[in-house]
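Working notes, structure below.
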Amino acid sequence: MPLVRLPTAALLLALAGCAGMPMNAEVVATDNAPKAIGPYSQAIRSGPMLFLAGQIPIDPKTNQLLVGTIEQETTLVLNNLKAVLEANGMTMANVVSTSVFMKDLNDFPKMNTVYGTYFQKAPPARATVEVARLPRDVKVEISAIAVK
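Quick note: the sequence shown uses this note's numbering, first residue -6, plus one each step.
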């Protein structure tokens, strides 16, 4: 693909358009999702975008880890993401991208069935990868990006 060179005036005009975009970052947190177990936030809002940290199957009411089936863990993970979204006035319909980290991709069909119930219309873009290990040895972790 050939390199396209913009005249300096066009480049300055394009950059000036970005100057009005909010660049502030605000922490979003809720007691309806597990508290962060390290130096990170449940989510960060920047302008219309919300960047949600990966959630694992921790019950926010008891702060206890759920050790269950992949379906049970996926349900709790997605409910935790939903709670963080709601704290920012969003729903699962605002999610545009997710990253799914799984301990065993043989569980993918079961995880995907549960996942599909949360994203029935216009599902977000998604990356799914198998990893050697997840925090607290859970089976699944999911992070997301949402836009208002």
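Backbone N, C-alpha and C fix where the C-beta goes; we use that ideal spot for every residue, glycine too.
Nearest candidate by alpha-carbon position, reference residue i, set the options
i	options	result
glutamate 123	Phe112, Asp100, Asn72 and Val20	Asp100
valine 88	Ala29, Ala118, Ala139 and Thr23	Ala139
serine 34	Asn25, Val20, Pro27 and Gly40	Val20
methionine 83	Leu43, Pro102 and Arg126	Leu43
alanine 118	Pro32, Ala125 and Gly109	Gly109
valine 133	Leu69, Ser90, Lys141 and Ala115	Leu69
glycine 40	Asn17, Thr55 and Gln57	Asn17
lysine 75	Pro32, Gly47 and Ala115	Gly47
alanine 80	Glu64, Gln65 and Arg38	Arg38
Exposure of residue i, with buried meaning 16 or more beta-carbon neighbours within 10 Å
i	result
aspartate 130	exposed
glycine 60	Here residue 60 turns out to be valine, not glycine, going by the sequence shown. Label assigned to valine 60: exposed.
asparagine 73	buried
isoleucine 135	buried
alanine 36	buried
isoleucine 30	exposed
proline 27	buried
threonine 155	Residue coverage of the chain in this structure runs from -6 to 141, which leaves residue 155 outside it and unanswerable.
lysine 141	exposed
Cβ-Cβ distance between residue i and residue j below 8 angstroms
i	j	result
proline 53	aspartate 97	no
methionine 104	threonine 67	yes
isoleucine 49	leucine 127	yes
alanine 137	threonine 91	yes
leucine 45	valine 93	no
methionine 85	threonine 121	no
leucine 58	tyrosine 111	no
Bridge partners - residue i, DSSP secondary structure assignment
i	result
arginine 38	Glu19 and Leu43
threonine 84	DSSP output for threonine 84 lists no bridge partner at all.
threonine 67	Paired residues: none, contrary to the question.
Secondary structure of residue i, DSSP reduced to three states
i	result
aspartate 52	strand
phenylalanine 94	strand
arginine 129	helix
valine 107	helix
leucine 59	coil
valine 140	strand
alanine 76	helix
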